[in-house]
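First residue of the sequence shown? That's 783 in the numbering used here, and the numbers climb one at a time after it.
What follows is a short report on a single structure.
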Amino acid sequence: MIKHWRPLLFTLFFVGFFITAPIVVLHTAGYRYNFLINKVVKTGVISLSSYPKGADIYIDNKLQNKQTPLVIDNLIPGEHTVKVVKDDYTTWQKTLEVVSNETTFASNIVLFLNTDTKKINQQQTLVSKFNSKGDIAYIKQNEKIIELWIKLLNKPEKLILRNTYTIQQTPEIQWSPDGKHIFFFIDNQKTATIIQTKTNDIKEVPFDKQTRFVWDINSENFYTIKNNIITYNLLSNKPTTLNFTADNITSYKDSFIGIQSSNNHTTVSVIDSSGLSSIITYLDIGDYSFIDSPDQYIMLKNNSAHKIILIDPNNKKNPISLTANSVTWDWNHDYSKLLFSDGLDITIYDINNNYFETVTRLSTDIIKLSWYPYGNSIIFQTKLGVTTLEIDDRDMQNENKLFDYTVDDYWIDKEGKNIYIIKSTDQTTEFLMRNLQK
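Right, here's the structure in full:
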């Protein structure tokens, strides 16, 4: 009996081996049977990473056995619903297309904490402004006395300056680009005050309403411009009168960049200390200011026309790299991408590849926008509040409302852990914060 079955069993095992072996090989190589199309197909891969790490991943509502960052292979080509979940954080979800023998990336997904807003201060103020480090300067009025206060990040508020106040106009305050000094001016005064906020050192500078005050964006200098240009060095504390005129000025390497207007155009020039100038380019008539830019470029904003202009002084043939309508903008951390908005569209300009990408278009005016320090998200402000938005426009763009009411201004710390806002009412000004990450 056994001898009779041996040939049959051998034949069955032999046939089974030649049937199953290719299936095992194909399965190992990433091939799967797609029951929707009744074909064997080569699978694809999804690669996921998130900020913060350690988030759970669901593929088509099935929990995966590992957390982010994670590469998930052997997925049938086609659309898959991907969800990234972490306790106490917002949920990210998107439908992604998986392609045979290719990897689909969803990198730098940002999850934000679901936390309440905290009040850190409340005052009756005339004006309040953040600096580049998150410190707040604000002015309080008490009958005919005004006071300048600062609230340094994570430190108690302190009084900086007290002055008489006899006219019904808001005093002017400007933070220096490095956030260490404040320019303070009242219209009825003959001087402006420069305050070093750490030491409370005060410097009085001749000034009036017809004088222009300019912080240098590239050095610890500032300028007053009227009939001539006087440069003040904050370190040496010495004023120097320059032997040329300009409507606006900033330092540039060992020289200056000056903006000079005539009846029909504006000239942008490199000017040395002796007053000799070399024209870089011509612009339309306008009120121009210098703004932060990569080292090899000069960036201007036309205040009267709401435009930004990026200039490459080393490009003699085509010095203007970018001209765009813009009311708000922000460079990413390495100055390779510029985020800007004309008020409705949000656009990214890749400076290295000269490439534009539209992120979204809104029906409500955009007041301010910023890169989130990490991941693939931006933050923007409208009259309806402050919102996060991911850049990835595949399927839907995940967004989260951080504040659902009108704010005056916001600031994000460099670690991306907290966002701070100024919110004014008829009676008071509130300084609030919300945790974005642990």
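Beta carbons: idealized from backbone N, C-alpha and C, even for Gly.
Asked	Found
Sort 1146, 931, 989, 976 by Cα distance to residue 1017 and report the nearest one.	976
Considering only residues of the same chain and omitting the five flanking positions on each side of residue 1159, which have a CB-CB separation below 6 Å?	892, 1170, 1172
Looking only at its chain, what residues have a beta carbon closer than 7 Å to the beta carbon of residue 1043, apart from the 5 residues adjacent to it on each side?	1029, 1067
Do the CB positions of residue 1094 and residue 1103 come within less than 7 Å of each other?	yes
So, are the CB atoms of residue 1132 and residue 1119 less than 7 Å apart?	yes
Which residue's Cα is closest to the Cα of residue 881: 1032, 974, 856, 957?	856
On the premise that residue 850 lies in contact with residue 908, defined as a C-beta separation below 8 Å, what is that separation, rounded to the nearest angstrom?	Not quite, the Cβ-Cβ distance comes to about 47 Å (not below 8 Å), so this is no contact.
If we call anything under 7 Å between Cβ atoms a contact, is residue 1202 one with residue 1168?	no
State the start and end residues of the unbroken beta strand (DSSP E) segment that holds residue 1167.	1167–1172
Look at the Cβ atom of residue 1141, then the Cβ atom of residue 1128, and state whether they are nearer than 7 Å.	yes
Put residue 1106 into one of helix, strand or coil per three-state DSSP.	strand
Three-state secondary structure (DSSP) at residue 1209?	coil
By how many angstroms is the C-alpha of residue 1186 removed from the C-alpha of residue 1163?	10 Å
Let me make sure I understand the geometry here. Which of 916, 1039, 972 has the alpha-carbon closest to that of residue 1081?	1039
Does the Cβ of residue 988 have 16 or more other Cβ atoms within 10 Å, making it buried, or fewer, making it exposed?	exposed
Name the two residues that bound the continuous beta strand (DSSP E) containing residue 909.	909–912
Look up residue 862 in the DSSP assignment and give the residues it is bridged to.	878
Indicate whether residue 919 and residue 955 have their beta-carbon atoms separated by less than 7 Å.	yes
Would you list the one or two residues that DSSP bridges to residue 1081?	1073, 1092
Is the beta carbon of residue 1101 closer than 7 Å to that of residue 1048?	no
How is the beta strand (DSSP E) around residue 1155 delimited, first residue to last?	Premise fails: residue 1155 is in no beta strand (DSSP E) and is neither H nor E.
Leaving out five residues on either side along the sequence, give the residues of the same chain with a beta carbon under 8 Å from the beta carbon of residue 1134.	1118
Buried or exposed: which applies to residue 1092, given that a residue is buried once 16 or more other Cβ atoms fall within 10 Å of its Cβ?	buried
Would you kindly work out how many angstroms separate the C-alpha atoms of residue 1155 and residue 984, rounded to a whole number?	34 Å
Can you grab the Cα-Cα spacing for the pair residue 869 / residue 1179, in whole Å?	21 Å
Look up residue 837 in the DSSP assignment and say whether it is helix, strand or coil.	coil
Tell me which same chain residues have a C-beta within less than 6 Å of the C-beta of residue 997, skipping the five on either side of it?	958, 959, 1004
Using alpha carbons as the reference points, say which of 889, 895, 838, 848 lies closest to residue 1219.	895
What residues match up with residue 1040 in a beta bridge as DSSP calls it?	1031, 1051
Quick check on DSSP: helix, strand or coil for residue 1144?	coil
Mark residue 810 as exposed unless 16 or more other C-beta atoms lie within 10 angstroms of its C-beta, in which case mark it buried.	Note that residue 810 scores a pLDDT of 47, beneath 50, so its modelled location is shaky; the value from the coordinates is reported in the next line. Exposed, since its Cβ has fewer than 16 Cβ neighbours within 10 Å.
Would residue 1069 pass as a contact of residue 1051 if the rule is Cβ separation under 7 Å?	no
Under the rule that 16 or more other beta-carbon atoms within 10 Å means buried, what is residue 1137, buried or exposed?	exposed
For a test of the three-state rule: what should DSSP assign to residue 1131, helix, strand or coil?	strand
Return helix, strand or coil for residue 903, following the three-state DSSP convention.	strand
Inspect the beta-carbon positions of residue 829 and residue 873 and report whether they are closer than 7 Å.	no
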